[in-house]
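Asks: All residue numbers for the sequence shown refer to our numbering, where the first residue is 1197 and numbers rise by one.
Ideal Cβ positions, reconstructed from N, Cα and C, are used throughout, including at glycine.
From a predicted model like this one, the values you see are computed outputs, not experimental measurements.
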Amino acid sequence: MPSPAQTDAVPPGPVRYAREGRIGVITVDHPPVNAIGHGVRSGLVTALETGLADGGADALLLVCAGRTFLAGADIREFGKPFPPPTLPDVVACFDAATKPVIAAIHGTALGGGLEVALACHVRVALRSAKLGLPEVKLGLLPGAGGTQRLPRLIGPAKALDLMLAGDPVGAEEALALGLVDAVEDDASPLEAGLRAAGRLLDGGRVPQPVSARIDRIAGSDPALFAARRADLAKRQPHLFSPHRIVDAVEAAATLAFADGTARERDLFLACLESPQRAGLIHAFFAERQVAKVPGLPPGTPTRDIRRVGVVGAGTMGSGIAMSFANSGIPAVLVDSTQEGLDRGLAAIRRNYESSVRKGRLSATQMEERMASIHPTLSYADLADADLVVEAAFESMEIKQTVFRRLDGICKPGAILATNTSTLDVDAIAAATGRPQDVLGMHFFSPANVMRLLEVVRGAKTSDSVLATAMALARRIGKVGVAVGVCDGFVGNRILHQRGLEAMALVEEGASPEQVDRVLTGFGFPLGHFSMTDLAGIDVGWRIREERRKAGDPEAQATDWLDILAERGRHGQKTLAGVYRYEPGSRSPIADPAVAAVIEEDRRRRGIMPRPVSNEEIRDRCLYVMVNEAAKILEEGIAARAVDIDAIWLHGYGFPSWRGGLLFWADREGLGRIAAAVQRYHRDIGGPRWSPSALLLQCVAEKRPIAC
Ligand code: 3H9
1197 MPSPAQTDAV PPGPVRYARE GRIGVITVDH PPVNAIGHGV RSGLVTALET GLADGGADAL
1257 LLVCAGRTFL AGADIREFGK PFPPPTLPDV VACFDAATKP VIAAIHGTAL GGGLEVALAC
1317 HVRVALRSAK LGLPEVKLGL LPGAGGTQRL PRLIGPAKAL DLMLAGDPVG AEEALALGLV
1377 DAVEDDASPL EAGLRAAGRL LDGGRVPQPV SARIDRIAGS DPALFAARRA DLAKRQPHLF
1437 SPHRIVDAVE AAATLAFADG TARERDLFLA CLESPQRAGL IHAFFAERQV AKVPGLPPGT
1497 PTRDIRRVGV VGAGTMGSGI AMSFANSGIP AVLVDSTQEG LDRGLAAIRR NYESSVRKGR
1557 LSATQMEERM ASIHPTLSYA DLADADLVVE AAFESMEIKQ TVFRRLDGIC KPGAILATNT
1617 STLDVDAIAA ATGRPQDVLG MHFFSPANVM RLLEVVRGAK TSDSVLATAM ALARRIGKVG
1677 VAVGVCDGFV GNRILHQRGL EAMALVEEGA SPEQVDRVLT GFGFPLGHFS MTDLAGIDVG
1737 WRIREERRKA GDPEAQATDW LDILAERGRH GQKTLAGVYR YEPGSRSPIA DPAVAAVIEE
1797 DRRRRGIMPR PVSNEEIRDR CLYVMVNEAA KILEEGIAAR AVDIDAIWLH GYGFPSWRGG
1857 LLFWADREGL GRIAAAVQRY HRDIGGPRWS PSALLLQCVA EKRPIAC
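1. Tell me whether residue 1573 is buried or exposed, calling it buried when 16 or more other Cβ atoms sit within 10 Å of its Cβ.
2. Going by DSSP, name the residue or residues bridged to residue 1232.
3. Expressed to the nearest angstrom, what Euclidean distance is found between the alpha-carbon atoms of residue 1722 and residue 1285?
4. What is the DSSP secondary structure of residue 1570, counted as helix, strand or coil?
5. Which same chain residues end up closer than 6 angstroms to residue 1720 when comparing Cβ atoms and leaving out the 5 residues on each side of it in sequence?
6. Does the ligand 3H9 have a heavy atom nearer than 8 angstroms to the CB of residue 1342?
7. Between which two residues does the alpha helix (DSSP H) harbouring residue 1819 extend?
8. Using only the alpha-carbon positions, how far apart do residue 1788 and residue 1729 sit?
9. Can you give, in chain order, each stretch of the alpha helix (DSSP H) that sits fully within the region 1707 to 1733 and has at least 4 residues?
10. Evaluate the contact criterion for the region 1225 to 1237 versus the region 1397 to 1407: three or more CB pairs, one atom per stretch, below 8 angstroms.
11. What are the residues that DSSP puts in a beta bridge with residue 1652?
12. Indicate the three-state DSSP secondary structure (helix, strand or coil) for residue 1360 in the structure shown.
13. Anyone know if the C-beta pair for residue 1315 and residue 1297 falls short of 9 angstroms?
14. What distance in whole Å lies between the Cβ atoms of residue 1506 and residue 1587, which are believed to be in contact at a cut-off of 8 angstroms?
15. Can you pull the DSSP bridge partners for residue 1213?
16. Comparing alpha-carbon positions, which option in 1675, 1571, 1777, 1690 lies nearest residue 1518?
17. Got a sec: does the ligand 3H9 put a non-hydrogen atom nearer than 8 angstroms to the Cβ of residue 1229?
18. Is the beta carbon of residue 1534 within less than 8 angstroms of some heavy atom of the ligand 3H9?
19. Quick one: using the 10 Å Cβ neighbour count with 16 as the cut-off for buried, is residue 1276 buried or exposed?
20. Am I right that residue 1333 and residue 1476 are in contact with their C-beta atoms under 8 angstroms? What's the rounded C-beta distance?
21. Which runs of the beta strand (DSSP E) fall wholly inside the region 1419 to 1472 and span at least 3 residues, in chain order?
22. Just mark residue 1311 as buried or exposed, buried being the case when its beta carbon has 16 or more other beta carbons within 10 Å.
23. Return the first residue and the last residue of the alpha helix (DSSP H) that residue 1328 is part of.
24. Using three-state DSSP, classify residue 1663 as helix, strand or coil.
25. Any heavy atom of the ligand 3H9 inside 8 angstroms of the beta-carbon of residue 1457?
26. Indicate whether residue 1733 and residue 1686 have their beta-carbon atoms separated by less than 9 angstroms.
27. Below 7 angstroms CB to CB, which residues in the same chain sit around residue 1545 once its five sequence neighbours on both sides are set aside?
28. How would you write the range of the alpha helix (DSSP H) that residue 1619 sits in, first residue to last?
29. For the ligand 3H9, is there a heavy atom less than 8 angstroms away from the beta-carbon of residue 1271?
30. Could you give the residue range of the alpha helix (DSSP H) that holds residue 1257?
31. Could you check if residue 1417 is buried or exposed, using at least 16 other CB atoms within 10 Å of its CB as the buried criterion?
32. Leaving out five residues on either side along the sequence, give the residues of the same chain with a beta carbon under 6 angstroms from the beta carbon of residue 1529.
33. Please report the straight-line C-alpha distance between residue 1604 and residue 1630, rounded to a whole angstrom.
34. Which whole-angstrom value is the C-beta distance of residue 1266 and residue 1309, which I expect to be below 8 angstroms?
35. Could you spell out where the beta strand (DSSP E) holding residue 1319 opens and where it closes?
36. Taking the straight line between their C-alpha atoms, what separation do you get for residue 1523 and residue 1798?
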């Protein structure tokens, strides 16, 4: 189909108008994702006015060029003044159009983009399109009429489901919901839109604007809103915008359209002003920024990864193999015993079966994924792997032996990665004759679920190996963050310091439950000790044993956690750790037996317990993390504050609405943090409280550490 001829009526810009027969075509062309910034907003209004004035156009079609329909408001503009026309102004112009307007959707129609489409008379989507209102993930609500129009189209209950989850739905589901009027087999959006416009004109019946429809909201049950509020109070007590979404949808169901829209505007502005909005938008850009590694030129050649190997079929190795299988990359899974291999495969199958039961995976997909994991006892099967991830026991001796073996078997150019969480990647690389091809790929448990991947660059790792691992991370749906070599890298190094502080607080008189309550109150999904139970106390115990052997001064004394581990209390997996667990439940229950072990440990050390305030727990647990993060930046182990923020957001459940550890630290006040660090250094001591020079420098220069 020829592309519409350009008229001279609208000057070149991100939006153009042209006519195709009886249809006036408005095309938005604003790469990469057609975000609705100021230029697009004014272009849309001008193009719409041109189309309405064009005597040859009986209907108007809105389409987008490039890979997607409008991806929403331009997020970079939030927090700055919005020059008119605002997005609600644009949407109002479409709503009031005196000719039928059709939106043809491809790629993703998100947020304000979907809201523009909702103000059109008809929506047609390509079968591959996705539609959603993800504003809640940015601490916002749909603020361009979405909270008022969507309930009018699909009913308040479904509208709340969509807006509170923020996840997009596919075109078929959108059709079933009534969100779109037709789904077209994949053609160009222009072709699909012109076909739909032709049908509309031939049929002669133009649907009412969505704003005028009331059948889906008439007689809405007020109990719906009360139930949603109660559910949010339980599930997302910290979050601001979901509650405002319920208020706005209730307004749609109870007020006239104009009044509901005014209410939406007030609620949107309240969200816009909230610190949570700033935090969540920082988190959004952090995820994208970390993909660009400083010093790694864009376009660095990457190696082709078609087939991978995983060494070790334990919890980590099985999860890593699943991560690859889930992305269509076949994996050879090697273990040293048949028993280990069987156990790993059984765990993988159980995991997939549970996804099938929950409807997240079809039985056929499960079998395809199982078939793409090739179990073997023979290292020789790794000969043609393009990349091998070693996930053996956390012991330098074992890892060096594995790497020596891999070096002898793997083809030249294969990348050899270690999943170590604490050991020296350079020492592991030195066991091979190809240290340039070695790096760390540190997955987080459960590896098939957690999005973080620390990509550890060794002293000799080549640019192309690093670039390949970063690209692979994206391909398997992970957030890859490049870090340097040090004990624990970035995430676990900070976690280790928090762990020492949490232990010290318990020794001084706090209970593990109190420490955990303070951390979950801050917004972490799990407290420190619940997380220890989840990871397994034996893992940390083994690491502490390595540290003790290595003579680390902070890890020498056996503590009450070691005593629990020695007594077989290894955490959730043994139904007993710092807490106890009922079979089949993950809910921690405080255990007097553990309180007795702690008490005994205090007596042994001659410590008289004292009451510890929640505020002290909060400050000590968080400030010790900030101090360590600043040292990591100082040493260049992380290149930017945003890398540390992304690591804690995606690997350790740092509350995304707080933006990230260092983003939060700036808002908490670096001066306050530095003063406390210096005080704790004096009163508590230990290397973890020695103040970071960078932290003190930022305070002296009155500059933020993050942004
Ligand atoms: C909203 O609409 C509010 C309204 O209700 C009310 C207003 C009054 N703005 O993710 P990618 C950039 S709130 C600015 O790698 P993909 C992104 O940073 C908005 N920039 O691509 C990156 O830049 P860079 C609701 C944006 O193909 C580049 O585009 N909408 C925006 O993997 C490529 O992004 C959303 O929340 C934006 N809206 O995924 C949608 N979106 O190259 C947010 C992207 O410099 N966006 N960028 O790093 C997405 O979910 C994904 O980007 C999308 C494409 C699925 C569209």
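Replies: By the coordinates alone:
1. Burial check for residue 1573: the Cβ neighbour count within 10 Å stays below 16, so the residue is exposed.
2. Answer by DSSP bridge pairing, in chain order: 1269.
3. Straight-line Cα distance between these residues: approximately 43 angstroms.
4. Three-state DSSP puts residue 1570 in a strand.
5. Within its own chain, the residues whose Cβ lies closer than 6 angstroms to the Cβ of residue 1720, once the five positions on either side in sequence are excluded, are 1849, listed in chain order.
6. Here the distance from the Cβ of residue 1342 to the nearest heavy atom of the ligand 3H9 is below 8 angstroms.
7. In the DSSP assignment, residue 1819 falls within the alpha helix (DSSP H) that extends over 1810 to 1830.
8. Residue 1788 and residue 1729 have their alpha carbons spaced roughly 16 angstroms apart.
9. Fully enclosed alpha helix (DSSP H) runs of 4 or longer: 1708 to 1718, 1724 to 1731.
10. Result no; under three Cβ-Cβ pairs closer than 8 angstroms.
11. Residue 1652 pairs with 1636, 1679.
12. Three-state result, residue 1360: helix.
13. Going by C-beta atoms, residue 1315 is nearer than 9 angstroms to residue 1297.
14. A Cβ-Cβ separation of about 6 angstroms places residue 1587 in contact with residue 1506 under the 8 angstroms criterion.
15. Under DSSP, residue 1213 takes part in a beta bridge, and its partners are 1222.
16. Out of 1675, 1571, 1777, 1690, 1571 has the C-alpha closest to the C-alpha of residue 1518.
17. Within the cutoff, so yes.
18. No - the ligand 3H9 has no heavy atom lying nearer than 8 angstroms to the Cβ of residue 1534.
19. Exposed, since its Cβ has fewer than 16 Cβ neighbours within 10 Å.
20. The pair is a contact, with the Cβ atoms about 7 angstroms apart (cut-off 8 angstroms).
21. List check, beta strand (DSSP E) in window: nothing returned.
22. Its Cβ being crowded by 16 or more others within 10 Å, residue 1311 is buried.
23. For residue 1328, there is no enclosing alpha helix (DSSP H); the enclosing beta strand (DSSP E) has its first and last residue at 1326 to 1328.
24. Helix at residue 1663.
25. Flag unset: Cβ of residue 1457 not near the ligand 3H9.
26. No, the pair does not count as a contact, with Cβ atoms beyond the cut-off.
27. Result list for residue 1545: 1566, in chain order.
28. Secondary structure note for residue 1619: it is in no alpha helix (DSSP H), with a DSSP letter that is neither H nor E.
29. Yes.
30. Annotation: residue 1257 is outside any alpha helix (DSSP H); the continuous beta strand (DSSP E) that includes it extends over 1255 to 1260.
31. Under this definition residue 1417 is an exposed residue.
32. By the criterion of a C-beta distance shorter than 6 angstroms, residue 1529 is surrounded in its chain by 1506, 1509, 1517, 1569, 1571, once the five residues flanking it on both sides are discounted.
33. The straight-line gap from Cα to Cα measures roughly 10 angstroms.
34. Yes, residue 1266 and residue 1309 are in contact; Cβ-Cβ is about 3 angstroms, under 8 angstroms.
35. For residue 1319, the enclosing beta strand (DSSP E) begins and ends at 1318 to 1322.
36. For the pair residue 1523 and residue 1798, the Cα-to-Cα distance works out to about 50 angstroms.
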